[in-house]
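Residue numbers (the working numbering): 27 to 301. I have placed the structure first, in the form of structure tokens, so that the comments after it can refer back to it.
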């Protein structure tokens, strides 16, 4: 595993395991345990995923010390818009059955609520119950807004990113402001976009060269950019496959060839309108 250091000095694995759409219950718990057994040490959930209880149970019973697992969860949109931020955080901790999280994110900006939410996020950080705080799906103007009054710069911005939507300018903004970028839907989301991405000649050529799958090539592309990434799967073979990307490296030209696939195609909502 490779790690990056967030702007407050905390180390975070560059590759994590996402649990979006994994329903609460045994299947989710088993998937998280499978990921931890495969070597993942970063788990990403959210209040909106409604599976925090299973994620927490898996972490508590996996046999790995809690301090070795980097856990992220997120503030839900309704709680942000209703101003129930501290209550929502406490509810997430209760569902997880844990004393702290490593990273707490505002899931969507939901403008203009992102402005009033950030001071409460800073209080959560000060409480010691979150080791770092950050945001998700923020555009530069959202980040500029909170910078006007903030005392803590977000440690991370989790954004949609894949070779069809490379987000180069947003990533550059984050780097300039010492905010770590993290990609969700790194493999292009659901069909048919993912199928098109996996079939792209720039991807299949590299998969053949390195004897890797298209998914592994794309995840390695994230790593070469220094972008934290969180693929998800409920399939044990794919869970193991997705972490098997640390025995090869792409060249600068190969990374550029994948960059060239960009067509500014979102597979998720627009952060400026999503609620």
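Note that beta-carbon positions come from the ideal geometry of N, C-alpha and C, so glycine has one too.
Reduced DSSP secondary structure (H/G/I, E/B, other) of residue i
i: residue 141; result: helix
i: residue 44; result: strand
i: residue 253; result: coil
i: residue 38; result: strand
i: residue 29; result: strand
i: residue 132; result: strand
i: residue 81; result: helix
i: residue 99; result: strand
i: residue 259; result: coil
i: residue 281; result: helix
i: residue 105; result: helix
i: residue 293; result: coil
i: residue 70; result: strand
Rounded separation between residue i and residue j - CA only
i: residue 131; j: residue 99; result: 6 Å
i: residue 258; j: residue 175; result: 35 Å
i: residue 69; j: residue 76; result: 15 Å
i: residue 121; j: residue 275; result: 39 Å
i: residue 83; j: residue 54; result: 10 Å
i: residue 252; j: residue 198; result: 12 Å
i: residue 104; j: residue 142; result: 14 Å
i: residue 181; j: residue 61; result: 24 Å
i: residue 56; j: residue 261; result: 10 Å
i: residue 233; j: residue 283; result: 13 Å
i: residue 28; j: residue 41; result: 8 Å
i: residue 156; j: residue 50; result: 23 Å
i: residue 129; j: residue 239; result: 30 Å
i: residue 191; j: residue 135; result: 20 Å
i: residue 248; j: residue 208; result: 9 Å
i: residue 293; j: residue 222; result: 13 Å
i: residue 106; j: residue 301; result: 10 Å
i: residue 230; j: residue 139; result: 43 Å
i: residue 269; j: residue 210; result: 15 Å
i: residue 12; j: residue 63; result: The question about residue 12 has no answer here: the residues shown for the chain are numbered 27 through 301.
i: residue 237; j: residue 58; result: 27 Å
i: residue 299; j: residue 256; result: 24 Å
i: residue 97; j: residue 81; result: 9 Å
i: residue 290; j: residue 89; result: 42 Å
i: residue 26; j: residue 37; result: One cannot answer for residue 26 here, as it falls past the ends of the chain, which runs 27 to 301.
i: residue 48; j: residue 74; result: 11 Å
Expected contact under 8 Å - CB spacing of residue i and residue j to nearest Å
i: residue 165; j: residue 297; result: 6 Å
i: residue 33; j: residue 205; result: 7 Å
i: residue 112; j: residue 146; result: 6 Å
i: residue 185; j: residue 194; result: That belief does not hold up - the Cβ atoms of residue 185 and residue 194 are roughly 11 Å apart, past 8 Å.
i: residue 242; j: residue 271; result: 5 Å
i: residue 137; j: residue 188; result: Residue 137 to residue 188, Cβ: 24 Å. No contact.
i: residue 154; j: residue 126; result: 7 Å
i: residue 162; j: residue 133; result: 5 Å
i: residue 218; j: residue 244; result: So it is not a contact: roughly 16 Å between Cβ atoms.
i: residue 101; j: residue 114; result: 6 Å
i: residue 67; j: residue 93; result: With a Cβ gap of about 10 Å, residue 67 and residue 93 do not count as contacting.
Closer than 7 Å: residue i CB and nearest the ligand MG heavy atom
i: residue 59; result: Absence of the ligand MG from the depicted structure is noted, as is the absence of any ligand whatsoever, leaving it without description.
Continuous alpha helix (DSSP H) assignments of at least 4 residues falling wholly in the segment 153-221: Listed in chain order, the complete alpha helix (DSSP H) runs (minimum 4 residues) inside the segment 153-221 are 166-173, 194-202.
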